[in-house]
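> When the sequence shown is numbered by full-length UniProt numbering, its final residue is 639 and no position is left out of the sequence of numbers. Where is the CB? At the ideal position from N, CA and C, for every residue including glycine.
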Amino acid sequence: LNKTAPCVRLLNATHQIGCQSSISGDTGVIHVVEKEEDLNWVLADGPHPPYMILLDGNLFNRKVLMQLKGTSRVSGLAVSIAKPNPPQGFSPGLKCPNDGFGVYSKDYGPQYAHCNTTVWNPLGSGISYEDFDFPIFLLEDANETQVIKQCYQDHNVPRDGSGPEYPLCAMQLFSHMHAVTSTVTCMRRNSIQNTFSINPETVCDPLLDYNVWSTLQPINSSGKVDREKEVIIVATRVGISLILLCRKAIHVLFMCDLFFFLLQETFDYIGSSRMVYDMEKDKFPLRLDNIHSFVELNQVALRNGSVLWMHTDPVSWMNESVQTQVRNLLDILSDSSVGANVTLREVGYSQPLPPSSFQRFLRARHIPGVVLTDHQAAFQNRYYQSMYDTPENIRMQYPEGLSPEETLEYVTDTAKSLAEVATVVARALYRLAGGANNTSAIQADPKTVTRMLYGFLIKMNNSWFQSIIKPDLKGILGDVPQHYVAVSSPVNTTYLVQYVLANLTGTVVNLTKEECMNPDKAPNTEKELYDYAWVQGSLEPNSTTRVPYCVRSTVHLTKALSPAFELRQWGSTEYSTWTESRWKEIRARIFLVASKELEIITLVVGIAILVFSLLATHFINAKADVLFSIPRDPGAVAY
Numbered sequence: 001l002n003k004t005a006p007c008v009r010l011l012n013a014t015h016q017i018g019c020q021s022s023i024s025g026d027t028g029v030i031h032v033v034e035k036e037e038d039l040n041w042v043l044a045d046g047p048h049p050p051y052m053i054l055l056d057g058n059l060f061n062r063k064v065l066m067q068l069k070g071t072s073r074v075s076g077l078a079v080s081i082a083k084p085n086p087p088q089g090f091s092p093g094l095k096c097p098n099d100g101f102g103v104y105s106k107d108y109g110p111q112y113a114h115c116n117t118t119v120w121n122p123l124g125s126g127i128s129y130e131d132f133d134f135p136i137f138l139l140e141d142a143n144e145t146q147v148i149k150q151c152y153q154d155h156n157v158p159r160d161g162s163g164p165e166y167p168l169c170a171m172q173l174f175s176h177m178h179a180v181t182s183t184v185t186c187m188r189r190n191s192i193q194n195t196f197s198i199n200p201e202t203v204c205d206p207l208l209d210y211n212v213w214s215t216l217q218p219i220n221s222s223g224k225v226d227r228e229k230e231v232i233i234v235a236t237r238v239g240i241s242l243i244l245l246c247r248k249a250i251h252v253l254f255m256c257d258l259f260f261f262l263l264q265e266t267f268d269y270i271g272s273s274r275m276v277y278d279m280e281k282d283k284f285p286l287r288l289d290n291i292h293s294f295v296e297l298n299q300v301a302l303r304n305g306s307v308l309w310m311h312t313d314p315v316s317w318m319n320e321s322v323q324t325q326v327r328n329l330l331d332i333l334s335d336s337s338v339g340a341n342v343t344l345r346e347v348g349y350s351q352p353l354p355p356s357s358f359q360r361f362l363r364a365r366h367i368p369g370v371v372l373t374d375h376q377a378a379f380q381n382r383y384y385q386s387m388y389d390t391p392e393n394i395r396m397q398y399p400e401g402l403s404p405e406e407t408l409e410y411v412t413d414t415a416k417s418l419a420e421v422a423t424v425v426a427r428a429l430y431r432l433a434g435g436a437n438n439t440s441a442i443q444a445d446p447k448t449v450t451r452m453l454y455g456f457l458i459k460m461n462n463s464w465f466q467s468i469i470k471p472d473l474k475g476i477l478g479d480v481p482q483h484y485v486a487v488s489s490p491v492n493t494t495y496l497v498q499y500v501l502a503n504l505t506g507t508v509v510n511l512t513k514e515e516c517m518n519p520d521k522a523p524n525t526e527k528e529l530y531d532y533a534w535v536q537g538s539l540e541p542n543s544t545t546r547v548p549y550c551v552r553s554t555v556h557l558t559k560a561l562s563p564a565f566e567l568r569q570w571g572s573t574e575y576s577t578w579t580e581s582r583w584k585e586i587r588a589r590i591f592l593v594a595s596k597e598l599e600i601i602t603l604v605v606g607i608a609i610l611v612f613s614l615l616a617t618h619f620i621n622a623k624a625d626v627l628f629s630i631p632r633d634p635g636a637v638a639y
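(1) Could you pull the DSSP bridge partners for Cys204 from this structure?
(2) Which value, in whole angstroms, describes the spacing of the CA atoms of Gly369 and Gln323?
(3) Going by Cα to Cα distance, which pick from Pro523, Asp226, Ile468, Cys7 is closest to Val547?
(4) Hey, quick one: how far does the beta strand (DSSP E) through Asp278 stretch, first residue to last?
(5) According to DSSP, which residues form a beta bridge with His31?
(6) Please classify Thr423 as buried or exposed, where buried requires at least 16 other C-beta atoms within 10 Å of its C-beta.
(7) Cβ atoms of Leu43 and Val79: under 8 Å apart, would you say?
(8) Using 8 Å for Cβ pairs, my map puts Asp26 next to Gln172. What's the rounded Cβ distance?
(9) Go ahead and label Thr215 buried or exposed: buried means 16 or more other beta carbons lie within 10 angstroms of its beta carbon, across all protein chains shown.
(10) With the cut-off set at 8 Å, would you say residue 643 and His483 are in Cβ contact?
(11) With a threshold of 7 Å on Cβ separation, who are the neighbours of Glu265 within its own chain once the five nearest residues in sequence on each side are excluded?
(12) According to DSSP, is Phe261 part of a helix, a strand, or is it coil?
(13) Assign His48 to one of two classes, buried (16 or more other C-beta atoms within 10 Å of its C-beta) or exposed (fewer than that).
(14) In or out: Asp531 buried (at least 16 other Cβ within 10 Å) or exposed?
(15) Within 10 Å of its beta-carbon, does Asn438 have 16 or more other beta-carbons around it, so buried, or fewer, so exposed?
(16) Helix, strand or coil for Cys256, going by three-state DSSP, please let me know.
(17) Where do the N-terminal and C-terminal ends of the beta strand (DSSP E) with Ser75 fall, by residue?
(18) On a Cα-Cα basis, can you pick out the residue from Tyr166, Pro314, Pro92 that is closest to Val103?
(19) Whose CA, out of Arg589, Ala560, Arg587, lies closest to the CA of Thr577?
(20) Roughly how many angstroms lie between the CA atoms of Ala486 and Val480, to the nearest whole one?
(21) Val425 and Leu302 look like a contact to me (Cβ under 8 Å); what is the Cβ gap, rounded to whole Å?
(22) Rounded to whole angstroms, what is the Cα-Cα separation between Val29 and Cys169?
(23) Using the Cβ count rule (16 or more neighbours within 10 Å means buried), how would you classify Ser403?
(24) So Leu610 is in the alpha helix (DSSP H); what residue range does that whole segment cover?
(25) Would a C-beta distance cut-off of 8 Å place Gln397 and Gln466 closer than the cut-off?
(26) Hey, how far is the Cα of Pro519 from the Cα of Gln498?
(27) From the DSSP output, in three-state form, read off Glu143 for me.
(28) Are three or more beta carbon pairs between the segment 137 to 155 and the segment 584 to 597 nearer than 8 Å?
(29) Return the chain-ordered list of same chain residues with a C-beta closer than 7 Å to the C-beta of Glu580, the five sequence neighbours on each side being excluded.
(30) Can the beta-carbon of Gln299 be found less than 8 Å from the beta-carbon of Asn381?
(31) CB Tyr575 to CB Ala564, shorter than 8 Å?
(32) What are the residues that DSSP puts in a beta bridge with Thr373?
(33) Over what stretch of residues does the beta strand (DSSP E) that includes Ile232 continue unbroken?
(34) I want to know whether the segment 72 to 87 touches the segment 187 to 202 - three or more CB-CB distances under 8 Å.
(35) Using a beta-carbon distance below 8 Å, is Asp45 in contact with chain B?
(36) On the DSSP letters alone, give me the boundaries of the alpha helix (DSSP H) that Thr183 sits inside.
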């Protein structure tokens, strides 16, 4: 089985979650479960435990998994994706995402802590945060799923109420994890290994990627911005691409705008907490004091009609100075939507902020800010953090028969809707930064949005992405975008956000390849202000040759590693402590297994043959001088 996605083990300061197999893999007889009644055979009636279950995606829920977790008759689980998506929705995340790591606590808005007033993800089952002692694999290829089902039909289907005859179709899953218990335990073991072992073996790694940030006006990335200078931060989690368009819509700004693309926010705000930490410790060009206001684009793709909701913090609202600035921010956003197909509404001051990166900035300082979402209270997204949160979920639809290039350029209704949101945000930013009130000329480009949606959500290996990346990075352009976090280098999505942002905000400069790759060798490059990239460029007409060029931009990467690991506070409750276990092998296979009786007979016969072989070898060795003596030559006569 080649196209599978395994459940792996993650750890935090107190728990381990996820799945693993035994060190030699787990094996079981396959049983297909397509309705809940089929579980009876696995849990009670089946005569050949343990079972490896092929589970229909519609039954992959907390109720079923908790039943399977409590029995020794199950050795593993292979899950097929439900087609179509489960109509009732499915979210393996928590009902209260990132609980305990946002701004609300017993010391700050205790009435809002732990989702006391608003349950943001009511469909959250929490199964992603359970610990299973058997392997779970997602089957991504429908053909492989059908092969397993056919093997089951041929060998394992019960006949007339009795168990099937041997040989039976079995499955083996390998996903043994090295780390156990918690991040505290595994990081301590790493430390001991690194201290005393000649060949240390790491058992877990901190979750790590890179935040992407850019400014409209260049700043010294290794220096410090003057305290008097103010910036407007526009932030989003990587995966929400529409904010890239704001820069295309703004021509002149009097206040520096800073764009953040924050990584790993799902895991207790790793990206934003690291950004705040770096600002506090003077490891970033900006200080928290430089922040004038904060605008965050959260979930915005599933608007109900034209409505977009503006969320603010009810606690900092009580501060008169902050209230005035927030009120101004809300008014400007509302005015900017006039004439656009977007209706901005205020949630009100009795509801807390939804899970958002802005909460980590508020933990450090009272900052005027707004979080824009498509939901007033509970999430509109019924597939939050699940494998069903796909392009189809945000209504991305294409006509049949389009070529890949035509699909890339086809402007979907989703792209038009997101471009409208980007237009409103761009107009508001222009006014917040000191621009004129007349912003009707600012308009985001739906064609750019549709290209990004296609590239980030459907097919990365497309002509546009090929043209804007470095030649040595072309290997990252796989067909399927990677949205899971890394533990070392940036994932391909991070690189692409960086180069898309550079393409949209940067400038083509007349430098040779050598000068572009080594700006110090060219005059007036101001390397401390700009980043330079030699990109592949587009194909020449009717040719396979590309026209490369040099792009100068203000796009930078900063490490998104939780401060807990820099401080060696592996049991921290202030910062995220998520780590991922290491493993040696992950694979799955199916095969036919014989009955226990036949296996015993085979073993006994094998032992008998071995004993007979040993005895025969001993006898032959003992009589070797007789059996293998050299006969005399009859012609030789002795006198």
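On the basis of the data shown:
(1) Ser581
(2) Between the C-alpha atoms of Gly369 and Gln323 there is a straight-line separation of about 10 Å.
(3) When each option's Cα is compared against that of Val547, the closest is Ile468.
(4) Premise fails: Asp278 lies in the alpha helix (DSSP H), 270 to 280, not in any beta strand (DSSP E).
(5) Ile53
(6) buried
(7) no
(8) 7 Å
(9) buried
(10) Here the chain has residues from 1 to 639 only, and residue 643 is not among them.
(11) Cβ neighbours of Glu265 beyond the five flanking positions: Arg237, Gly271, Ser272, Ser357.
(12) Three-state result, Phe261: strand.
(13) The Cβ neighbour count for His48, taken over all protein chains shown within 10 Å, is at least 16; the residue is labelled buried.
(14) buried
(15) exposed
(16) The predicted position of Cys256 is uncertain, since its pLDDT is 45 and thus under 50; a value taken from the coordinates is nonetheless stated next. Judged by DSSP in its simplified three-state form, Cys256 adopts strand.
(17) 74 to 80
(18) Pro314
(19) Ala560
(20) 16 Å
(21) At roughly 17 Å, the Cβ-Cβ gap does not stay under 8 Å, so Val425 and Leu302 are not in contact.
(22) 6 Å
(23) Flag for Ser403 reads exposed.
(24) 596 to 622
(25) no
(26) 19 Å
(27) Per the sequence shown, the amino acid found at residue 143 is Asn instead of Glu. Judged by DSSP in its simplified three-state form, Asn143 adopts helix.
(28) yes
(29) In its chain, beyond the 5 residues on either side, Val8, Leu10, Cys204, Asp205, Leu207, Val487 have a beta carbon closer than 7 Å to the beta carbon of Glu580.
(30) yes
(31) yes
(32) Trp309
(33) Looking at the DSSP string, the run of the beta strand (DSSP E) that includes Ile232 is 231 to 237.
(34) They do not touch, by the three-pair rule.
(35) The structure shown contains no chain B; it holds only a single protein chain.
(36) 183 to 196
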